[in-house]
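Read the structure below first, then the notes.
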Amino acid sequence: MPIWAPVMWKHLITEIFIIALFAMSLNMILGRAGLPSFGHACFYCIGGYTTAMFMMKLHLPFGIAMIAAPVVAAIFSAVIGYFSVRLTGIHFAILTLGFGQLVWAIIHKWYSFTKGDDGITGIPVPAAIQGITPYYYLVFAILIICLILIWMVQNSPFGTTLVAIRENRDRVTFSGLKVWHHLWLNFIIAGFFAGIAGSLLAILQRAVFPEFGYWTISAGVLLMCILGGVGVFIGPIVGAAIITLLEHYISVYTFYWQMVLGCLIIILVTFLPGGICGFIQDRLRGRKA
Numbered sequence: 002m003p004i005w006a007p008v009m010w011k012h013l014i015t016e017i018f019i020i021a022l023f024a025m026s027l028n029m030i031l032g033r034a035g036l037p038s039f040g041h042a043c044f045y046c047i048g049g050y051t052t053a054m055f056m057m058k059l060h061l062p063f064g065i066a067m068i069a070a071p072v073v074a075a076i077f078s079a080v081i082g083y084f085s086v087r088l089t090g091i092h093f094a095i096l097t098l099g100f101g102q103l104v105w106a107i108i109h110k111w112y113s114f115t116k117g118d119d120g121i122t123g124i125p126v127p128a129a130i131q132g133i134t135p136y137y138y139l140v141f142a143i144l145i146i147c148l149i150l151i152w153m154v155q156n157s158p159f160g161t162t163l164v165a166i167r168e169n170r171d172r173v174t175f176s177g178l179k180v181w182h183h184l185w186l187n188f189i190i191a192g193f194f195a196g197i198a199g200s201l202l203a204i205l206q207r208a209v210f211p212e213f214g215y216w217t218i219s220a221g222v223l224l225m226c227i228l229g230g231v232g233v234f235i236g237p238i239v240g241a242a243i244i245t246l247l248e249h250y251i252s253v254y255t256f257y258w259q260m261v262l263g264c265l266i267i268i269l270v271t272f273l274p275g276g277i278c279g280f281i282q283d284r285l286r287g288r289k290a
């Protein structure tokens with residue numbers, strides 16, 4: 002985006018970049034391993050709170066807080082994933098929902114540490130990224146680096162094994178591979194990237210709130226993945242961009258933008274079960290055939 006672009010657009014696109022990274026992290030669990038998580042937002046929230054607390058309570062620089070955020074999120078995802086990835090389908094979804102709500106409740110009620118529903122506001126921002134323009138480019142650079150790393154993970158032998166587990170877990174188990182270890186490591190990596198996204202959002206908004214980790218945030222980003230197409234690498238990015246733009250512009254004219262979102266879900270499930278990118282990919286393959 003040009004330097005002379007309006008501030009509002011830069012802020013919106015920066016937010017889309019952050020949410021796209023969050024969606025990509027969830028798709029590592031949903032698209033690659035076939036596990037629908039309804040608690041993924043807790044890692045997003047933990048990343049934001051870690052950044053805020055490191056900078057405001059410990060008075061550490063942004064760089065250290067930025068590094069600590071995904072590490073702390075990964076530690077939490079290791080604990081939650083240790084129990085969750087042993088399950089599949091609806092049982093996995095319910096357990097991750099339970100863990101996610103537990104984390105949200107602790108953050109919401111532990112007022113002396115997290116300031117409860119007031120959140121943590123006034124997060125200091127380094128002079129180098131105080132304006133939206135330098136922060137826009139920083140977020141864009143981090144997004145590109147993370148996408149490259151995610152692509153490398155998904156296209157490695159490890160990523161191929163995850164697909165095999167998704168398609169036929171029993172066969173992979175009989176082959177001698179440790180299914181649980183693969184799923185657990187993938188869950189941790191996904192939590193790591195979600196922590197980065199949460200940290201970036203906290204700096205963008207200069208604040209972090211418990212609502213960042215509520216289950217509806219997990220459901221929303223899950224919808225983004227499905228809308229864009231879980232089977233296509235850039236699918237979650239497309240879904241994140243569409244829903245964020247819809248929310249931003251439709252909410253200007255009506256408080257009932259969720260009705261539009263509901264209609265979008267109905268159309269998606271009925272006509273585009275593979276998502277927008279999945280539909281386009283199938284059409285392109287059909288032409289080549």
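The numbering used here puts the first residue of the sequence shown at 2, with every later residue one more than the last. Don't be surprised by glycine CBs; every beta carbon is placed ideally from N, CA and C.
Three-state class that DSSP yields for residue i in the structure shown
i, result
"ILE121", "strand"
"VAL291", "One cannot answer for residue 291 here, as it falls past the ends of the chain, which runs 2 to 290."
"ALA34", "coil"
"VAL126", "coil"
"VAL261", "helix"
"VAL209", "strand"
"HIS249", "helix"
"THR217", "helix"
"GLY199", "helix"
"THR97", "helix"
"PHE193", "helix"
"HIS92", "helix"
"PHE188", "helix"
"LEU178", "coil"
Opening and closing residue of the alpha helix (DSSP H) in which residue i lies
i, result
"TRP111", "Where TRP111 is concerned, there is no enclosing alpha helix (DSSP H), given that its DSSP letter is neither H nor E."
"LEU27", "8–28"
"SER78", "63–85"
"THR162", "158–168"
"THR51", "42–57"
"LYS134", "Inspection of the sequence shows that residue 134 is occupied by Thr rather than by Lys. 133–155 is the span of the alpha helix (DSSP H), which, as asked, contains THR134."
Proximity below 7 Å, CB of residue i to CB of residue j
i, j, result
"PHE23", "ALA195", "yes"
"VAL86", "LEU184", "yes"
"GLY48", "ALA74", "yes"
"ALA21", "ILE238", "yes"
"ILE251", "GLY82", "no"
"ILE133", "VAL8", "yes"
"GLN155", "VAL233", "no"
"TRP105", "PRO274", "no"
8 Å contact criterion, which residue i and residue j should meet: CB distance rounded
i, j, result
"HIS41", "LEU27", "5 Å"
"ILE244", "MET225", "5 Å"
"CYS147", "ILE197", "6 Å"
"TYR215", "LYS11", "Not really, about 27 Å apart at Cβ, beyond 8 Å."
"PHE213", "GLY192", "Rounded, the Cβ-Cβ distance is 14 Å, inconsistent with contact."
"PHE100", "LEU36", "That belief does not hold up - the Cβ atoms of PHE100 and LEU36 are roughly 13 Å apart, past 8 Å."
"PHE44", "SER78", "5 Å"
"GLU16", "LEU262", "17 Å between Cβ atoms; not a contact."
Spatial neighbours of residue i in its chain, beta-carbon cut-off 7 Å, leaving aside the 5 residues before and after
i, result
"PHE18", "VAL140, PHE141 and LEU144"
"ALA34", "LEU163, ILE166, ARG167, LEU184 and ASN187"
"LYS110", "GLY117"
"ALA203", "GLY49, THR52, ALA53, ILE124 and VAL209"
The ligand GTP heavy atom lying under 6 Å from the CB of residue i
i, result
"ILE251", "Looking for the ligand GTP in the displayed structure turns up nothing, as the structure carries no ligands at all."
Same chain, Cβ closer than 6 Å to residue i, neighbours up to 5 away in sequence not counted
i, result
"GLY236", "GLY229, GLY230, GLY276 and CYS278"
"THR97", "SER38, PHE39, GLY40 and SER85"
"PHE63", "PRO127"
"GLY160", "VAL154"
Cβ neighbours of residue i in the same chain (closer than 8 Å, five flanking residues each side left out)
i, result
"ILE65", "PHE55"
"MET29", "ILE151, VAL154, GLN155, ASN187, ILE190, ALA191 and PHE194"
"TRP258", "LEU247, GLU248, ILE251 and SER252"
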